[in-house]
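So the structure is just underneath, and the comments pick up after that.
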Amino acid sequence: TYFRLRLPSLKSSVVTRGMGGVVRFEEFSNRRYTLVCSGSGPIHRFPDQSDLPECVTYKAPEPMGEHFFAESFDMGTLDSWVLSKAKKEDIDEDIAKYDGKWEVEDMKDGKLPGDKGLVLKSRAKHHAISAQLLRPFIFDTKPLIVQYEVNFQQGIDCGGAYVKLLSQTPDLNLDEFVDKTPYTIMFGPDKCGEDYKLHFIFRHKNPKTGEYEEKHAKKPDADLRTYYTDKKTHLYTLVVNPDNSFEVLVDQTVVNSGNLLTDMTPPINPAAEIEDPDDHKPEDWDERPKIQDPDAVKPEDWDEDAPKQIPDEDAVKPDGWLDDESEYTSDPDAVKPEDWDEDMDGEWEAPQVPNALCETAPGCGAWQRPMIDNPSYKGKWKAPMIDNPNYQGVWKPRKIANPAFFEDLHPFRMTPFNAVGLELWSMSSDIFFDNFFITNERHTADRWANDGWGLKKAAEGAAEPGLVNQMMTAADERPWLWVVYVLTVAVPLVLIIVFCCTGKVRDHTVTALGPQIIKVCISIVHTHVSPSPFRSLQKQEDDLLRRSPRNRKLRKD
Numbered sequence: 359t360y361f362r363l364r365l366p367s368l369k370s371s372v373v374t375r376g377m378g379g380v381v382r383f384e385e386f387s388n389r390r391y392t393l394v395c396s397g398s399g400p401i402h403r404f405p406d407q408s409d410l411p412e413c414v415t416y417k418a419p420e421p422m423g424e425h426f427f428a429e430s431f432d433m434g435t436l437d438s439w440v441l442s443k444a445k446k447e448d449i450d451e452d453i454a455k456y457d458g459k460w461e462v463e464d465m466k467d468g469k470l471p472g473d474k475g476l477v478l479k480s481r482a483k484h485h486a487i488s489a490q491l492l493r494p495f496i497f498d499t500k501p502l503i504v505q506y507e508v509n510f511q512q513g514i515d516c517g518g519a520y521v522k523l524l525s526q527t528p529d530l531n532l533d534e535f536v537d538k539t540p541y542t543i544m545f546g547p548d549k550c551g552e553d554y555k556l557h558f559i560f561r562h563k564n565p566k567t568g569e570y571e572e573k574h575a576k577k578p579d580a581d582l583r584t585y586y587t588d589k590k591t592h593l594y595t596l597v598v599n600p601d602n603s604f605e606v607l608v609d610q611t612v613v614n615s616g617n618l619l620t621d622m623t624p625p626i627n628p629a630a631e632i633e634d635p636d637d638h639k640p641e642d643w644d645e646r647p648k649i650q651d652p653d654a655v656k657p658e659d660w661d662e663d664a665p666k667q668i669p670d671e672d673a674v675k676p677d678g679w680l681d682d683e684s685e686y687t688s689d690p691d692a693v694k695p696e697d698w699d700e701d702m703d704g705e706w707e708a709p710q711v712p713n714a715l716c717e718t719a720p721g722c723g724a725w726q727r728p729m730i731d732n733p734s735y736k737g738k739w740k741a742p743m744i745d746n747p748n749y750q751g752v753w754k755p756r757k758i759a760n761p762a763f764f765e766d767l768h769p770f771r772m773t774p775f776n777a778v779g780l781e782l783w784s785m786s787s788d789i790f791f792d793n794f795f796i797t798n799e800r801h802t803a804d805r806w807a808n809d810g811w812g813l814k815k816a817a818e819g820a821a822e823p824g825l826v827n828q829m830m831t832a833a834d835e836r837p838w839l840w841v842v843y844v845l846t847v848a849v850p851l852v853l854i855i856v857f858c859c860t861g862k863v864r865d866h867t868v869t870a871l872g873p874q875i876i877k878v879c880i881s882i883v884h885t886h887v888s889p890s891p892f893r894s895l896q897k898q899e900d901d902l903l904r905r906s907p908r909n910r911k912l913r914k915d
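Counting in the numbering used here, the sequence shown runs from 359 upward without gaps.
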């Protein structure tokens, strides 16, 4: 049963179900109710700005409306699922088996006791598990909606959490489900290193050859990083419509959309014309846009042998230049080592040290004129470039009709599928899957999402740390935030305490600066103090202060 509740004190409404505890509904206007929970437990503020009492409990979602597959795992078994017994081809025998472990269990940090899911338990192993649909999905006049939940409980280094919709074929055997088992659609998150992906791939059948080719949706523009790192449960939804449009949603927000005809790679339909593979460039084809002028002649005064630089004839040796001194001299304090063997080590020479006389002189050794650019230098002569009168352009093969051309204007009509499967390799464990749902009705999918993921979102939001704890955690990861906190929080608070709360300021100072200080204090408070969700409690405190003359005086002071 669903209740829509309006909480007038907070001016908000909520939709929930399955509430525990003692609950009283008080009617105050036609078809509107206020909710009263027994006890004095706190009210949690959730990310969607709705307010739910602490007494919310979990109840397994029940599929309603037309659907082809629904799995919440809340029965605690895998009776309807098939574990693959196959081996992967073309890899080493010791890792070829699909021997990764699966379990049905509660989330490790689950906030809804009793809410179970399918958990990938093993690291660095191949996993494959699948289940039959209630009936095959036929792509006709209704859309396809696929959705499920994923929580990377331990984070994710390298691995996928995507689902495959297995094509309906006569030889489909779920016991032999492997990576090469034909699928119609592959959809879901995948990550390795810093490459964050959200796949939407479908296999398109060539109407001329009957061969299948994978078509990949364009990469989402949205930043996907948070969905892999925040260790929260996220809802992944794919909607493919009969008009060939598609949407990819995360947490019921569109992150990618497009059209099967225009936004897939490679394109659905090949080009009508292609380059002729038998056409070859003629030997005399001239692709040079510029050539050297054949009529140009090197000038008679062009000296190709002139050096690029010459000595500066105007330079003068500086006064004090020590021609007879070298920059380095033998160290007069050096002593030949006692163990020096001239037969083995050769004649001993004292090490060289900078000449002390050269430190104060402009220079030592033979003086040479500095080099300057030669004004007569021209380099090797080359004929100037002119437009090529025989230029024919860049050669391209001629176009011919594409013998493989076809035009499929209805790619939505994909191969029917009759099973759903997870075929994964992951370097991370404890990946939590839940609430798989396949339908052709959008509202039915939304209802299922609200019943399952909606409660998870509310519970996870209620358990989030307060603002202070979040700020502390962020500062631990980014130490420079402490400077921001001091400038934006600590300094204003000190000013408030000094100027607004203490009585140690001289009377004449208050008289002179009072109006300005009040304006500054009000501005600081409005800027740095978040509005409280419990304004009704603050109002009660204000009322108490107003009732007492003494309190009124204190408040005025």
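Idealized CB from N, CA, C, for every residue including glycine.
Inset, instruction - Compute the Euclidean distance between the alpha carbons of I449 and E507, then round it to the nearest angstrom. - result: 31 Å
Inset, instruction - Could you spell out the range, first to last residue, of the alpha helix (DSSP H) harbouring T587? - result: R583 to T587
Inset, instruction - Starting from D792, follow the alpha helix (DSSP H) in both directions and report where the run begins and ends. - result: For D792, there is no enclosing alpha helix (DSSP H); the residue is found in the beta strand (DSSP E) stretching over I789 to T797.
Legend entry - DSSP state of T846 mapped onto helix, strand, coil: helix
Inset, instruction - Would you mind working out which of C858, Y570, D663 and M785 sits nearest H484, comparing C-alpha positions? - result: M785
Inset, instruction - Identify whether H485 lies in helix, strand or coil by the three-state DSSP scheme. - result: strand
Legend entry - Whole-angstrom C-beta distance between V440 and S488, which should lie under 8 Å: 5 Å
Inset, instruction - Check the C-beta distance from Q667 over to I730 and give it rounded, since I have them as a contact under 8 Å. - result: 6 Å
Legend entry - Residue environment, I764, which counts as buried when at least 16 other CB atoms sit within 10 Å: Note that residue 764 corresponds to Phe in the displayed sequence, not to Ile. With fewer than 16 neighbouring CB atoms inside 10 Å of its own CB, F764 falls in the exposed class.
Legend entry - Distance CB(A777)-CB(I503) smaller than 8 Å: no
Legend entry - K639 CB to nearest heavy atom of the ligand SAM below 7 Å: Inclusion of the ligand SAM in the displayed structure is not the case, the ligand content being empty and no account of it being possible.
Inset, instruction - Give the secondary structure of R756 by DSSP, where H, G and I count as helix, E and B as strand, and everything else as coil. - result: coil
Legend entry - Where the alpha helix (DSSP H) containing N808 begins and where it ends: R800 to D809
Legend entry - Inside the stretch 690-756 only - alpha helix (DSSP H) runs reaching at least 4 residues: You should have 700-703.
Inset, instruction - Could you tell me whether the Cβ atoms of E572 and I559 are closer together than 8 Å? - result: Yes.
Legend entry - D766 versus T620, K555, G737 and L492, residue with shortest Cα-Cα distance: T620
Inset, instruction - Spell out the partners DSSP gives F545 in its beta bridges. - result: Paired residues: V521 and F558.
Inset, instruction - Could you have a look at W439 and say whether DSSP puts it in helix, strand or coil? - result: Of the three classes helix, strand and coil, the one that applies to W439 here is coil, per DSSP.
Inset, instruction - Compare the beta carbon distance of F770 and L618 with 8 Å and say whether it is the shorter of the two. - result: yes
Legend entry - Span separating the alpha-carbon of E552 from that of T773: 34 Å
Legend entry - C-alpha gap between D581 and T797, whole angstroms: 28 Å
Legend entry - Contact with chain B by P769, beta-carbon distance below 8 Å: Structure shown: chain B not included; a single protein chain is present.
Legend entry - Residues sharing a beta bridge with T623, DSSP: H574
Inset, instruction - Throw me the rounded Cβ distance for the K757 and E645 pair, which I believe falls under 8 Å. - result: Going by Cβ atoms, the distance from K757 to E645 rounds to 19 Å, so no, they are not a contact pair.
Legend entry - Boundaries (first-last residue) of the beta strand (DSSP E) holding I668: Q667 to P669
Inset, instruction - Can you say whether G475 is buried or exposed, counting buried as having 16 or more other CB atoms within 10 angstroms of its CB? - result: Buried.
Legend entry - Outcome for A807 when other beta-carbon atoms lying within 10 angstroms are tallied against a minimum of 16: buried
Inset, instruction - State the Cα-Cα distance for the pair Y735 and P665, rounded to the nearest angstrom. - result: 6 Å
Legend entry - Simplified DSSP state of W840, which is helix, strand or coil: helix
Inset, instruction - Could you tell me how far apart the beta carbons of P652 and Y749 are, in whole angstroms, since I believe they sit closer than 8 Å? - result: Their Cβ separation, rounded to whole angstroms, is 15 Å, which puts P652 and Y749 out of contact at 8 Å.
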